[in-house]
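Down below is the structure, laid out as structure tokens.
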Amino acid sequence: MSGEPFVGRLAELEKLRTIRADIALGGGRFVLVTGEAGVGKTAFMQHFAADWVTSGAIALWTACFEGEWQPPYAVWGDALEQLIGELGDDQLRSWIGSGAPVLAQLTPGLRQRLPTIGQAADLPPDQARYRLGESIARFLIAVADTRPILLVVDDLQWAGQDTMEALRYVARSVRSGRVLIVAIYRESEVAPAQRKALQSTLASLQRGVSPASLLLSGLTLDEVNRYLEQMAAQPLPQALVRAFHEQTAGNPFFIRELFRHLVEETRITHRAGRWTTDFSIGELGIPPAVNQVVARRLDRLSAATDKLLQVASAFAAGFEFALLPPLTDLSEETLLDCLDEALQAGLIRTLDGQPPRYGFAHSIVRHTLYERLNPERRARLHRRIAQVLELMPGNHAAAELGFQYFASAALPGSERGIGHCLVAAELAATQYAYDQQVTLLHMARDLAHSATLPQRADIACRQAIAEASALRLTDAWHTGEHALALLNQSGAAPQDVVAFCVALAYALKDGGAPPR
224 MSGEPFVGRL AELEKLRTIR ADIALGGGRF VLVTGEAGVG KTAFMQHFAA DWVTSGAIAL
284 WTACFEGEWQ PPYAVWGDAL EQLIGELGDD QLRSWIGSGA PVLAQLTPGL RQRLPTIGQA
344 ADLPPDQARY RLGESIARFL IAVADTRPIL LVVDDLQWAG QDTMEALRYV ARSVRSGRVL
404 IVAIYRESEV APAQRKALQS TLASLQRGVS PASLLLSGLT LDEVNRYLEQ MAAQPLPQAL
464 VRAFHEQTAG NPFFIRELFR HLVEETRITH RAGRWTTDFS IGELGIPPAV NQVVARRLDR
524 LSAATDKLLQ VASAFAAGFE FALLPPLTDL SEETLLDCLD EALQAGLIRT LDGQPPRYGF
584 AHSIVRHTLY ERLNPERRAR LHRRIAQVLE LMPGNHAAAE LGFQYFASAA LPGSERGIGH
644 CLVAAELAAT QYAYDQQVTL LHMARDLAHS ATLPQRADIA CRQAIAEASA LRLTDAWHTG
704 EHALALLNQS GAAPQDVVAF CVALAYALKD GGAPPR
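And the structure:
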């Protein structure tokens, strides 16, 4: 396997290159790059920074760190140390100007390079902060007059107030210089109590500085295909690529860690010159690194929102708001607030259809939440969901109901799910969703362990024909033989046996099975 790939982001890169061209003519810019954890913000900017440097410009990279305590103005001290390292002594002496004593307070290396720097004047706090921002901006502008500067501030969501104040001043001041400041930021890492204050600061920061925002989302299916091909050093089966895209929503970090995890666990194997696997995420587990990222995001939620999402994790295909009050014992107003929090954190998303429904942004998030529930609690939650769903009119929830009874099969009464599975399987067949039909009939078969022989025979007959329609021809042969045995054991009428054999034969022929 190769290192971390970089694919896509063409529109975003073109936007930054256009901004770079404008800066070359004079006039600084501030850009905010946002997106969820793992979506590739840092890799995107590293790619752009490398391109920036090849043109002879200067790229400075600094980052904020999580925690209550950070050295004051540490971001700026780090950036200035890098900038000083790019300059010769004569250049440094010429361009740093009268701000040298102030900047020397942030960069110990400056006095080593220029020992004659005096001491900074003792000023009131407000004036001192102003003087610091002014000195940083003037130094950047002076250097950028010869070589344009890219300053990247990573993880801005963890910046202290001092860093933000200096950034606000510098971003406004460099409008007259060839400086591009890019702040990388993910809102999901901000505690709810701090979010409004930070958003207000960012809004203030962007006013009057020709701001631009880039929101990075997940990779497309084609981009996931190319990403995995670079990791695996050869094309992967399209079914596997689709599974990665569906389960990770194109998040590069999730894709990368999941692929490595599956290789290490030998769940993806390279045999006869190709990669093969059983790629069900629910069965394969979640890589520890991904689990940690998801857990960090979940730990920032309120207790009520965490409870809502744990309940939601037990649904197979999204959930409606109307189902939540009886399942959570939370008021509607509280649940609305929880939905807002989960949506804003990027953990869930709205789904198409009426009434409005919600689903997890990543299946991995759902599986992480689900694994936090012990098996007894899971089974009882599934059964409670089934009971609530049965109060809803119509058959639109048949597949979900079948799943809920199947997932709570350890509890008495699970046979109630058989009918729901059969209804949902018929609906799937009318929509040509034969793989889903097979899955639903497998569930019905497993729930029918104590059913009558005629019921079990009926399910087996349906399953065999569905497997043939889904081109699972070997499975269809075996299930068909089992169905015939059950028909004979149940005393089925000869015409019913013949009708099944004819229907299965046609389904197998249509699927391309050779005659036997």
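With positions in the sequence shown counted from 1, the corresponding number in the working numbering is that position plus 223. All C-beta atoms, glycine included, are put in the ideal place defined by N, C-alpha and C.
Assumed close pair residue i, residue j - CB separation to whole angstroms, cut-off 8 angstroms
i: His605; j: Ala630; result: 4 angstroms
i: Ile246; j: Leu403; result: 5 angstroms
i: Leu283; j: Ala302; result: 5 angstroms
i: Leu650; j: Ala621; result: 7 angstroms
i: Ala667; j: Ile682; result: 5 angstroms
i: Asp378; j: Cys287; result: 5 angstroms
i: Arg479; j: Glu227; result: 6 angstroms
i: Tyr593; j: Gly541; result: 14 angstroms between Cβ atoms; not a contact.
i: Leu310; j: Phe362; result: About 10 angstroms; that fails the 8 angstroms criterion.
i: Leu524; j: Ala568; result: 7 angstroms
i: Val230; j: Leu559; result: So it is not a contact: roughly 39 angstroms between Cβ atoms.
Sheet register partners of residue i (DSSP bridge)
i: Tyr581; result: Phe542 and Thr573
i: Trp498; result: His493
i: Trp284; result: Val375
i: Val254; result: Val405 and Ala435
Beta-carbon proximity list for residue i, same chain, < 6 angstroms, skipping 5 on both sides
i: Met224; result: Legend: pLDDT at Met224 = 45, less than 50; position of this residue unreliable, value from coordinates given subsequently. Cβ neighbours of Met224 beyond the five flanking positions: Met454.
i: Val262; result: Leu439 and Asn474
i: Leu437; result: Glu235 and Val256
i: Val534; result: Leu550 and Thr551
i: Trp275; result: Ala282 and Leu373
i: Gly341; result: Pro324
i: Val684; result: According to the sequence provided, residue 684 is Cys. The question's Val does not apply to it. So the list reads Ala706 and Phe723, once near-sequence residues are dropped.
i: Leu710; result: Ala680 and Val720
i: Leu664; result: Ala648, Arg685, Gln686 and Ala689
i: Ile641; result: Ala667, Leu670 and Ala671
i: Gln718; result: none
Status (buried if at least 16 other CB within 10 Å, exposed otherwise) for residue i
i: Leu574; result: exposed
i: Leu239; result: buried
i: Tyr729; result: exposed
i: Arg679; result: buried
i: Tyr655; result: exposed
i: Ala687; result: buried
i: Ser637; result: buried
i: Glu564; result: buried
i: Pro510; result: buried
i: Gly308; result: exposed
i: Thr339; result: exposed
i: His643; result: buried
i: Leu521; result: buried
i: Thr471; result: buried
i: Ala545; result: exposed
i: His701; result: exposed
i: Arg601; result: buried
i: Thr653; result: exposed
i: Thr285; result: buried
i: Lys264; result: buried
i: Gln422; result: exposed
Same chain, Cβ closer than 8 angstroms to residue i, neighbours up to 5 away in sequence not counted
i: Arg465; result: Leu444
i: Ser427; result: Arg391
i: Asp312; result: Arg336 and Leu337
i: Asn514; result: Thr591
i: Asp345; result: none
i: Pro677; result: Ser713 and Ala715
i: Leu306; result: Ile281, Leu283, Phe362, Leu363, Val366 and Ile372
i: Trp498; result: Ala455, Gln457, Leu459, Pro460, Leu463, Ile491 and Thr492
i: Ala609; result: Leu624, Gln627, Tyr628, Ser631, Arg639 and Gly640
beta-carbon residue i near the ligand NAD non-hydrogen atom, thresh 8 angstroms
i: Phe477; result: The ligand NAD is not part of this structure, which contains no ligands at all.
Nonlocal neighbours in the same chain, by C-beta distance under 7 angstroms from residue i, ignoring five residues either side
i: Cys724; result: none
i: Ile364; result: Val397, Ser399, Gly400 and Val402
i: Ala539; result: Glu623 and Phe626
i: Glu613; result: Leu624
i: Glu388; result: Arg352
i: Ser673; result: Glu638
i: Val447; result: Val464, Phe467, His468, Gly473 and Ile478
i: Asp528; result: Note that residue 528 is Thr in the sequence shown, not Asp. For Thr528, where only same-chain residues beyond five positions count, the Cβ hits under 7 angstroms are Cys561, Glu564 and Ala565.
i: Ser536; result: Arg589, Leu592 and Tyr593
Discussion item. If contact is defined by three or more beta carbon pairs under 8 angstroms, each pair taking one atom from either stretch, is the segment 374 to 381 in contact with the segment 322 to 339?
Written reply: no
Worksheet item: When the Cβ atoms of the segment 392 to 406 are set against those of the segment 246 to 263, are three or more pairs found closer than 8 angstroms?
Response: yes
Worksheet item: Does the pairing of the segment 311 to 331 with the segment 358 to 365 give three or more beta-carbon distances under 8 angstroms?
Response: yes
Discussion item. Can you confirm whether the segment 689 to 703 touches the segment 655 to 664 when touching is taken to mean that 3 or more C-beta pairs between the two stretches lie within less than 8 angstroms?
Written reply: yes
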